[in-house]
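Let me begin by presenting the structure, written as structure tokens, before commenting on it.
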Amino acid sequence: MAGLPVINAAPIRVSSTTMPQRVVRALYDEIHLTPKPGLVDRANSGAHHDMDHELFICSIEAIAPWFVVFHELGKAHADQPEMMQLRLLRPAGIACEQAMFQATGGVNTHKGGIFSLGLLCSAAGRLEAQGCRLSRQAVCQQVSQFCHGLVARELVQRNRQASTGERLFQQFGLAGARGEAESGFQTVTRYILPGWQDEACEERRLHLALLRLMAVNPDTNLVSRGGLSGLRYVQRSARQVLSTQWTHEQLHQMDQALIARHLSPGGSADLLSVAMVLADLPEV
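First residue of the sequence shown? That's 1 in full-length UniProt numbering, and the numbers climb one at a time after it.
Have a look at this one:
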């Protein structure tokens, strides 16, 4: 990992106003939120058999220092073209994933989050180095520019066995986390952030955001587990809950229904963390 900033594996000691701190706080807030239909939370492991709340905490502790690295890389390469940023970030991303797998015994707890949140940190570092104001619009625009052409490069099927992401793109046109990043997180900016203050209670605000994400997000995690019918079932269920003055009991019932069907909206969980980070920034 030559050329990467040297960091200490001890807990991060940074200002609460830095992007890495926002990201780590969002990861903890997401895993603590309970109940979360089909997802790991304080109450149960959702639709998963190989992970639980404690494992997620271990994973967050392992990957947290790397968000400082992504942030510093954004600063260090602020003079390089946007199209080069992904290539410059990739070694750190791979190392962060390795830290996650080492902490979890090979279980993928945060791969999607590392990708999306790492991009937010790098974009923020680049903007700060350029003397630009950090805002939702500016950070999302930077991420979109970093990822320009990513879907075409990585999801168009090549002459080899297709990956899961390539297969889902070829079959259903679903671009997953890559497409969301290339769009500048449009699912979050269009459907979640405009109604962020609709709930005064923070816990209920996060539940509302998660339900709204589940209602609209073309979550490739769900399609991989349950096909398009699984995705539509979750979207329909979330919309039904949103149409009521929903309670924790309804969320619990939805959780049990998704567990029974082995459906986990992991992509929406990742986007919830993204939403929390962006909501902490001024709009423009």
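A virtual CB, placed ideally from N, CA and C, is assigned to each residue, including glycine.
Its chain contains L120, R136, V139, C140, F185, V188, T189, L193 as the residues whose beta carbon lies nearer than 8 Å to that of L278, once the 5 sequence neighbours on both sides are disregarded; these appear in chain order. By the 16-neighbour rule on beta-carbons within 10 angstroms, G106 is exposed. The beta-carbon distance between V234 and P265, rounded to whole angstroms, is 6 Å. This is short enough to meet the 8 Å contact definition. Between L271 and G226, the C-beta spacing is not below 9 Å. Between G74 and A123, the gap from beta carbon to beta carbon is short of 9 Å.
For T187, the enclosing alpha helix (DSSP H) starts and ends at 186-191. Shortest Cα-Cα distance from P37 to any of L228, Q245, A209 involves A209.
Taken through DSSP and simplified to helix, strand or coil, R261 comes out as coil. Going by DSSP, Q197 is part of no alpha helix (DSSP H) at all; its letter is neither H nor E. Distance between L228 and A175, taken at the CA atoms: about 14 Å. With distances taken between CA atoms, N108 lies nearest to F56 out of M83, F56, R126. The beta-carbon separation of P35 and D41, rounded to 6 Å, stays under the 8 Å limit for a contact. If you draw a 10 Å sphere on the C-beta of H248, you find fewer than 16 other C-beta atoms in it, and that means exposed. Counted as a single uninterrupted DSSP element, the alpha helix (DSSP H) harbouring D29 occupies residues 19-32. Look at V241 here: in three-state DSSP terms it is helix. In summary, I31 is buried, with 16 or more beta-carbon neighbours lying within 10 Å of its beta-carbon over all protein chains present. Restricting attention to beta strand (DSSP E) runs no shorter than 3 residues, the segment 67-108 encloses none. Under the three-state reduction of DSSP, P65 is assigned to helix. The shortest CA-to-CA distance from S268 to any of V284, N217, E182, L258 is the one to N217. Taking C-beta separations shorter than 6 Å and ignoring five residues to either side along the sequence, the partners of P282 in its chain run S135, following chain order.
Burial is judged here by how many other beta carbons sit within 10 angstroms of a residue's own beta carbon; V23 has at least 16 and is buried.
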